[in-house]
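This report concerns only the one structure given below.
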Amino acid sequence: MKLWIRILLSLLILGIISAALIWHFIINKPAPDYDKLKADYTINANQLFEEFMSKRKNSENKYNGKIVQIKGKFKTIEQNDSLSVVVFSFGHNLFGEKGIRCTLLPKYKSEIKKHIPETEISIKGYCSGFNDVDVILTKCSIK
Amino acid sequence: MKAIKNLIIILWILPIITNAQRYITKTAKISFFSNAPLENIKAENNQVNAALDLSNGDITLRVLMKSFEFEKEKMQEDFNENFLFTNKYPNASFDGKITNFHDININREETVNVNVEGNLTIKGISKKIIAKGTISVKNGTLDISSKFIIILKNFNVKVPNTLIKNISENIEISVNGTLKKI
């Protein structure tokens, strides 16, 4: 086989392998296991809420899109067929509690029932931001 | 800035103080679906604030864009960093009215077809939306449901030529939620 054909074939094979690897590891990569991600910030729940209330823009730049672990006394758990939301309350308005709302990963649906409201809990999740009433954490796990 | 923030909150909350016909939820679900030749893309956000005033038909939705969850990491990354720029535009909203709100009778358990008109704001751009939906009265709560199509370029979302077969220009938006009286 001529040398240029060998080079061409090698490049072709290399290209196919590269495309397959990019497809598998980058384009088709599933969403991360948020349970296993390390927290970017660990902070008391009331302190996180106060930061968003007093310095909203700074807090959005700092926490939005980051993994945040919070600790504090939670107020209640809201559960329906598909969702379990742990609510930290730092006041009340006409929309109900205002504070931090943490949507748990489905695997924690049973475990959260063991926790009693008004006791301390540590929760890690992805910070989506502040919606004028609550700070929202999603894909949360109990730590 | 703080004054603007307070004003927004007051404008949202004030109508509730003045009337007891308000129904709200903090767990409405918005999903979107893109049907393109090479792949379908779906994302869901189930931490949406929704409020409906049955006395005048006013309906509002408040959405954190980073709360949308995708099946694949790259989709979420593209959505946040390349298309919607969610660090710069963290919130989206809908402020509108159910034009035939008089058809809803909270004392009668039934499903009513409703017409919704209002402004959808994404990436800081507001566009008028007209949609159809249903509201079901069940045990004093309201189940809301609606589907409509948005065109990405109307909200200055540009799909690069390399992804034109992966992302549809027309995105189907679904809204669902159970609103309780406050």
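Chains A and B are the protein sequences, given in the same order. Each residue of the first sequence is one higher than the last, beginning at 1 in the numbering used here. Each residue of the second sequence is one higher than the last, beginning at 144 in the numbering used here. Beta carbons are placed, not taken as given, at the ideal position from N, Cα and C, and that holds for glycine.
Residues that DSSP places opposite residue i in a beta bridge
i        : result
B:PRO267 : With the sequence shown as reference, residue 267 of chain B is identified as Gly, and Pro is not the correct amino acid for it. Answer is none; B:GLY267 lacks a bridge partner.
B:LEU207 : B:ASN234
B:GLY239 : B:ILE202, B:GLY261
A:TYR41  : A:VAL68
B:PHE176 : B:LYS185, B:GLU315
A:VAL85  : A:GLU78, A:THR103
A:HIS92  : A:GLU97
B:ASN297 : Answer is none; B:ASN297 lacks a bridge partner.
Inter-residue CB distance, residue i and residue j (contact presumed, cutoff 8 Å)
i        : j        : result
A:SER128 : A:THR138 : 6 Å
B:PRO233 : A:ASN61  : In fact, because the Cβ distance is near 10 Å, the residues do not count as touching under 8 Å.
B:GLU315 : B:LYS275 : The Cβ separation is near 13 Å, so there is no contact.
A:ILE112 : A:LEU104 : 6 Å
Residue i, buried or exposed, once every other Cβ within 10 Å from all chains shown has been counted against 16
i        : result
A:ASP33  : exposed
A:MET1   : exposed
B:ILE373 : Because chain B here runs from 144 to 325, residue 373 of chain B falls outside it and cannot be looked at.
A:PHE25  : exposed
B:ARG205 : buried
B:ARG165 : buried
B:THR254 : exposed
A:GLU118 : exposed
B:ASP221 : buried
A:ALA19  : exposed
B:ILE160 : Note that B:ILE160 has pLDDT 47, beneath the 50 cutoff, so the model's placement of it is unreliable and the number below is only indicative. Exposed, because fewer than 16 other Cβ atoms sit within 10 Å of the Cβ of B:ILE160.
B:GLU212 : buried
B:LEU263 : buried
A:THR42  : exposed
B:ASN223 : buried
A:ILE13  : exposed
A:ILE16  : exposed
Residue from the options whose Cα sits closest to the Cα of residue i
i        : options                                : result
B:ILE325 : B:LEU195, B:THR277, B:ILE278, B:ASP201 : B:LEU195
A:ASP132 : A:ARG101, A:ALA31, A:GLY72, A:LEU105   : A:ARG101
B:GLY200 : B:ASN223, B:VAL257, B:ASP286, B:GLN190 : B:VAL257
A:GLN47  : A:ASP40, A:GLY72, A:ILE13              : A:GLY72
B:PHE228 : B:ASP246, B:PHE237, B:MET208           : B:MET208
B:LYS308 : B:SER177, B:ILE241, B:LYS215           : B:SER177
A:PHE74  : A:GLU97, A:LEU12, A:TRP4, A:ASP81      : A:GLU97
A:LYS109 : A:LYS124, A:ASP81, A:TYR126            : A:ASP81
B:ILE268 : B:ASN299, B:PRO303, B:ASP246           : B:ASN299
B:ARG251 : B:PRO180, B:GLY283, B:LYS301, B:GLU312 : B:GLY283
A:LYS143 : A:ILE13, A:GLU120, A:ASP134            : A:GLU120
B:ASN248 : B:SER279, B:THR242, B:GLU224, B:THR203 : B:SER279
A:LYS114 : A:ASN93, A:VAL86, A:ARG6               : A:VAL86
B:THR170 : B:LYS240, B:ASP286, B:GLU214           : B:ASP286
Distance CB(residue i)-CB(residue j) smaller than 8 Å
i        : j        : result
A:GLY99  : A:SER84  : no
B:PHE244 : B:LEU295 : no
B:ALA235 : B:ILE265 : yes
B:LYS217 : A:LYS29  : yes
B:GLU187 : B:LYS172 : yes
B:SER210 : B:SER317 : no
B:GLY261 : B:PHE226 : no
A:ILE67  : A:LYS124 : yes
A:GLN69  : A:ALA31  : no
A:ILE136 : B:GLN190 : yes
B:ASN230 : B:LYS270 : no
B:GLY320 : B:THR168 : yes
Any C-beta of chain D under 8 Å from that of residue i
i        : result
B:PRO233 : Within the model displayed, chain D is absent; protein chains A and B are what it includes.
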